[in-house]
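Read left to right, the sequence shown gives residues 1 to 550 (the working numbering).
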Amino acid sequence: MSEQPAAGIDPILVEVIGAALASIVEEMGETLVRAAFSSNIKERRDCTAGLFDAAGHMSAQAEQASPVHLGSLIGVVSAVLDRYPLDAIHEGDTFISNDPYSGGGSHLPDMVLVSPIFVDGELTAWAANLAHHADFGDRGHAHIFQEGLRIPPVKLISRGETNEDIFQLVLTNCQVPHERRADFRAQLAANRLAVTRYVELAGRYGRQRLMDMTAALLDYTERRTRAAIESIPDGEYAFTDRFDCPELDEELELKIRVAVSGSEVTLDLRDNPAQVRASVNMVWTALYATVYYAIKTLVDPDVPSNAGLHRPITIQATEGTIVNCVAPAAVNGRTETCQRVVDLIHGALAPAVADRVTAASNGANTGVHFSGCDTSTGNYFVYLETIGGGSGARATKDGMDGVQVHVTNTSNLPVESLETEYPLVIEAYELVQDSGGTGQWRGGMGIRRTVRVEEQDVQFWLDTSRQKSAPWGLFGGGPGTPARVELSEGARPVEHGHTILQPGDRASIITAGAGGYGPPEQRPRELVEQDLADEVISAETARSVYQLDV
């Protein structure tokens with residue numbers, strides 16, 4: 001890898017091509033959102049889009065996406081190429097896949113559609129998009145066979161014609177097939193648009209030139225990433241954190257060692273627990289996507305999202321562990337563990353780059369699932385939402401309140417949309433007082449969302465973390481409050497994240513706050529007074545922690 005662009009490479013054209021590729025993936029993502037049927041995609045934007053070169057190296061990913069979704073994209077092209085010889089891949093084909101063990105995915109609800117892009121009759125690139133199909137409710141998570149239909153890369157579209165046998169097989173295994181059919185069509189539309197836009201771009205600059213500029217873009221990203229890594233002091237850094245989830249009775253201890261040497265960084269996660277009989281295991285694609293995100297946030301948040309970022313990063317993780325599981329481990333809740341891996345990386349590097357890290361955020365991807373029969377329509381419904389929480393305080397700013405953090409990036413589902421589409425009522429949706437950690441800069445606040453069910457035998461599942469441990473503060477900052485769930489009187493208790501609710505039962509999901517940064521005594525008095533006036537903190541906290549006379 002040269003330190004400067006290769007001879008004949010026009011850096012201005014590289015920037016133009018990079019912007020064009022970024023524009024294509026953003027347009028893909030918007031097409032998918034606008035054409036989708038289900039609320040999880042059209043409202044919550046639980047989807048992503050990307051472009052890859054002919055060999056499967058990512059050249060662009062939509063910025064509106066969740067970083068963890070990269071884990072369901074980075075392996076899919078190589079999985080297709082392993083399964084199909086080049087002479088069996090044709091213009092107009094589209095492959096469907098979701099299997100973490102044979103299809104390059106990271107959990108089963110994330111359905112990926114990937115389409116080859118031919119220019120002048122030659123395979124030149126790939127368009128891929130992912131949509132989280134909120135369909136797999138009321139399922140077990142002891143192993144992956146309980147979690148849904150596993151789909152290796154197979155042709156859903158062959159030379160422009162739908163393989164109806166494959167399509168019907170997939171739909172038959174879905175609980176809300178009419179939603180799935182419509183959402184799949186939205187995904188197909190997004191890929192068709194990307195193919196058209198890419199071919200137009202190749203027509204403007206020429207196939208070979210476009211390929212050369214794309215390769216140069218990845219080299220540029222690598223140079224920029226290496227330069228940023230060099231700003232971190234060389235050394236070895238370690239961190240340990242606690243991990244819990246409703247499916248496990250015990251807490252686990254997760255560990256990392258980070259070695260920085262010149263322009264390269266090695267992350268050693270080999271000393272971690274064995275994979276568990278629960279949904280929170282991570283396949284390697286989820287691990288890599290998480291690490292790439294975390295390193296990007298610390299070295300250069302504005303570096304382009306492509307495979308050049310990945311080159312200076314080495315990841316070590318033992319197969320069969322919770323951070324690098326093997327079949328048949330269940331993986332549906334892998335994002336809970338992904339979030340904690342980000343905490344590990346930030347915690348380890350905090351002494352080296354104190355001005356770039358945040359205190360621990362809420363440390364979870366709090367997923368709530370309500371499913372059952374809607375008697376007004378006679379149809380089965382599945383309501384899925386991941387609820388935000390506190391974001392960690394920063395070196396010069398408070399943490400953000402009630403947001404998605406780190407590897408998640410979905411929107412909330414508006415109350416009006418939820419109550420229109422599901423037999424559920426939202427009775428409270430609010431920030432939680434005193435949930436953010438105290439400090440010179442306070443941690444972000446968690447969320448309380450109270451849902452009342454209107455139908456019989458509604459299945460309720462909760463995927464979350466930080467119920468037993470608190471999000472930690474940095475450099476004297478206090479911890480955020482843990483997460484919890486509260487049920488109305490008479491409701492059947494939650495056991496290992498699951499219960500069955502009856503009409504009138506209420507479930508209040510309270511997400512974790514986030515850690516504070518710096519000693520509380522250094523917080524400006526006017527900010528403490530404003531927090532008290534805004535009911536961010538209680539009078540007791542103002543008196544006992546900040547020594548405010550109230």
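In this text, a Cβ means the ideal position worked out from N, Cα and C, and glycines have one as well.
Quick one, which of the options has its alpha-carbon nearest residue i's?
i: residue 330; options: 101, 467 and 442; result: 101
i: residue 159; options: 132, 118, 147 and 131; result: 118
i: residue 310; options: 319, 296 and 317; result: 296
i: residue 239; options: 347, 422 and 514; result: 347
i: residue 116; options: 345, 126, 130 and 196; result: 126
i: residue 96; options: 153, 120, 424 and 144; result: 153
i: residue 343; options: 254, 496, 113 and 90; result: 254
i: residue 141; options: 422, 277 and 124; result: 277
i: residue 292; options: 265, 190 and 108; result: 265
i: residue 173; options: 87, 148 and 231; result: 148
i: residue 214; options: 435, 10, 234 and 130; result: 10
i: residue 263; options: 230, 290 and 250; result: 230
i: residue 124; options: 390, 150, 135 and 89; result: 89
i: residue 516; options: 397, 211 and 93; result: 397
i: residue 86; options: 122, 520 and 544; result: 122
i: residue 484; options: 353, 193, 218 and 362; result: 362
i: residue 244; options: 199, 203, 372 and 341; result: 341
i: residue 280; options: 541, 519, 439 and 321; result: 321
i: residue 302; options: 423, 220 and 185; result: 220
i: residue 365; options: 356, 549 and 333; result: 333
i: residue 241; options: 212, 69 and 359; result: 359
i: residue 423; options: 49, 187, 80 and 381; result: 381
i: residue 195; options: 91, 337 and 271; result: 91
i: residue 325; options: 304, 274, 375 and 357; result: 274
i: residue 502; options: 354, 31 and 372; result: 372
i: residue 146; options: 460, 471, 327 and 94; result: 327
i: residue 77; options: 376, 460 and 52; result: 52
i: residue 109; options: 180, 207 and 352; result: 180
i: residue 622; options: 418, 470, 176 and 476; result: Nothing about residue 622 can be read from this structure; the chain reaches only from 1 to 550.
i: residue 69; options: 46, 57 and 227; result: 46
Where do the N-terminal and C-terminal ends of the alpha helix (DSSP H) with residue i fall, by residue?
i: residue 338; result: 334–349
i: residue 53; result: From DSSP, residue 53 is part of no alpha helix (DSSP H) but of the beta strand (DSSP E) over 47–53.
i: residue 11; result: 11–35
i: residue 76; result: 76–83
i: residue 202; result: 177–205
i: residue 39; result: 39–42
i: residue 419; result: 415–421
i: residue 398; result: Where residue 398 is concerned, there is no enclosing alpha helix (DSSP H), given that its DSSP letter is neither H nor E.
i: residue 541; result: 539–544
i: residue 171; result: 164–172
Could you pull the start and end residues of the beta strand (DSSP E) that residue i belongs to?
i: residue 463; result: 458–463
i: residue 235; result: 235–243
i: residue 261; result: 252–261
i: residue 385; result: 379–387
i: residue 145; result: Unbroken run through residue 145: none, as it is neither H nor E.
i: residue 425; result: 424–431
For the ligand FMN, any of its heavy atoms closer than 7 Å to the Cβ of residue i?
i: residue 288; result: Of the ligands one can find in the structure shown there are none, so the ligand FMN has no counterpart to examine.
Taking buried to mean at least 16 other C-beta atoms within 10 Å of its own C-beta, is residue i buried or exposed?
i: residue 34; result: exposed
i: residue 335; result: buried
i: residue 316; result: exposed
i: residue 155; result: buried
i: residue 339; result: buried
i: residue 298; result: buried
i: residue 545; result: buried
i: residue 169; result: exposed
i: residue 368; result: buried
i: residue 551; result: Nothing about residue 551 can be reported from this structure: the residues present for the chain run from 1 to 550 only.
i: residue 261; result: exposed
i: residue 1; result: Its pLDDT being 40, under 50, residue 1 is placed unreliably in this model, and the value from its coordinates should be taken loosely. It counts as exposed.
i: residue 456; result: exposed
i: residue 134; result: buried
i: residue 376; result: exposed
i: residue 304; result: buried
i: residue 406; result: buried
When DSSP builds the beta bridges, which residues end up paired with residue i?
i: residue 475; result: DSSP, once it has assigned bridges, lists no residue as partnering residue 475.
i: residue 288; result: Paired residues: none, contrary to the question.
i: residue 64; result: In the DSSP output, where bridge partners are listed per residue, residue 64 has none listed.
i: residue 100; result: Looking at the DSSP assignment, residue 100 forms no beta bridge with any residue, so it has no partner.
i: residue 129; result: 49 and 113
Quiz item: Should the stretch 12–28 be called in touch with the stretch 52–68, which here means at least 3 C-beta pairs below 8 Å?
Solution: yes
Exercise. Decide yes or no for the touch test of the stretch 37–46 against the stretch 85–103: beta carbon pairs closer than 8 Å, at least 3 of them.
Key: no
Quiz item: Using 8 Å as the Cβ pair cut-off and three pairs as the minimum, do the stretch 243–262 and the stretch 346–360 touch?
Solution: yes
Quiz item: How about the stretch 499–507 and the stretch 381–389: do they share at least three Cβ pairs that are nearer than 8 Å?
Solution: no
Quiz item: Counting Cβ pairs closer than 8 Å, one from the stretch 514–533 and one from the stretch 449–464, do we hit at least three?
Solution: no
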